[in-house]
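Input: a single structure, listed below in structure tokens.
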């Protein structure tokens with residue numbers, strides 16, 4: 001499996017730095033919500049060596065997710081840049097809005113496992129999935145890795161980069 005940028009481990013990121021990243025991101029996103037006049041509760045956490053910021057509760061938040069999470073991905077990158085501006089270091093912060101990313105993660109896990117099972121059961125020795133973001137590809141790769149007898153790789157160039165699931169030889 002190939003690690004995408006969202007799948008790499010960041011060594012040396014202290015808990016204090018991650019908490020600071022979350023605080024900076026929370027302030028940035030709070031100002032954004034005020035600008036667009038949306039309600040939302042911001043929750044900050046640290047999971048798996050990265051700051052995690054979630055916004056929940058407001059009726060208009062779906063607009064900040066966009067189709068297939070496109071707006072969410074853009075907001076995450078802008079938030080990472082705001083954090084980097086303050087800290088001087090690249091952030092791997094993860095942003096979730098209205099639970100979209102958590103729900104999508106579960107859908108992708110199911111897709112990865114189901115695809116792996118189809119490769120094992122069917123006549124195809126490989127199945128190519130639709131193009132995905134780095135976050136989506138990582139979740140699928142992790143799910144495929146739980147099924148014995150198959151493996152996955154990413155192929156293509158962004159934004160058309162996709163996961164391919166192979167039967168192991």
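In the UniProt record's numbering, the protein residues as written are 1 to 169.
We treat Cβ as the ideally placed atom computed from N, Cα and C, and that holds for glycine.
- Beta-bridge pairing by DSSP links residue 74 to no other residue.
- The C-alpha of residue 152 is placed about 16 angstroms away from the C-alpha of residue 121.
- Out of 81, 156, 135, the CA that lies nearest to the CA of residue 106 is found in 135.
- Taken in chain order, the whole beta strand (DSSP E) runs of length 3 or more contained in the UniProt domain "R3H" (102-169) are 126-131, 150-155, 162-167.
- Cβ neighbours of residue 82 within its own chain (closer than 8 angstroms, five residues either side excluded): 24, 25, 28.
- Residue pairing by DSSP places residue 51 opposite 46 in a beta bridge.
- Per the C-alpha coordinates, the member of 96, 102, 108, 60 positioned closest to residue 131 is 108.
- Membership of residue 95 in the beta strand (DSSP E) is indicated by the continuous run 94-97.
- Around the beta carbon of residue 63, a 10 Å sphere encloses fewer than 16 other beta carbons of the protein chains shown; the residue is thus reported as exposed.
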